[in-house]
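Notes follow the structure.
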Amino acid sequence: MKDESNSAIAYSLQGLVLLVGIALLIASYRLNWGIRAWISGIFFINLFVQTVLLSLARIQGFWQPFLQNIWVNIAMIASVVILLLAVVAIALLHGLGILRN
390 MKDESNSAIA
400 YSLQGLVLLV
410 GIALLIASYR
420 LNWGIRAWIS
430 GIFFINLFVQ
440 TVLLSLARIQ
450 GFWQPFLQNI
460 WVNIAMIASV
470 VILLLAVVAI
480 ALLHGLGILR
490 N
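Positions in the sequence shown are counted from 1; adding 389 to them yields my numbering.
Below is the structure:
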């Protein structure tokens, strides 16, 4: 029972992360929130994809050997770090007045 409730919470959080990412992309386009909202939306969608892939890594089958490769793991970590640095850099550039929307 505990595993079922934990997985329900995990799936709910994954869905929430995806919805936040999509909402930021839509806000960037519809409300003219600019590149900050767009790159943040991409960051959240990337987190969603990675959590889904990590969930699949526990299941025997096609994805498991791929996801247990050290280079794939390094690439997954690097993508999160690069996107996070992009979010910070864009926020700093906007805060300094160098970047407009």
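For every residue, glycine included, the Cβ atom is placed at its ideal position computed from N, Cα and C.
- Cβ shell of L473 (< 7 Å), same chain only, five flanking positions each side left out: F432
- Query: F455: buried (16+ other C-beta within 10 angstroms of its C-beta) or exposed?
  - Reply: exposed
- Message: Taking 6 Å as the limit between beta carbons, can you name the residues of its chain near M390, skipping five residues before and five after?
- Response: At M390 the pLDDT is 47, less than 50, meaning the model places this residue with poor confidence and gives no usable figure here.
- Message: Just to check my reading of the structure: V470 and I428 have Cβ atoms closer than 8 Å, yes? What is that Cβ distance to the nearest angstrom?
- Response: Between I428 and V470 the Cβ distance is about 14 Å, and since that is not below 8 Å, they are no contact.
- Item | For Q439 and A480, the rounded distance between their alpha carbons | 24 Å
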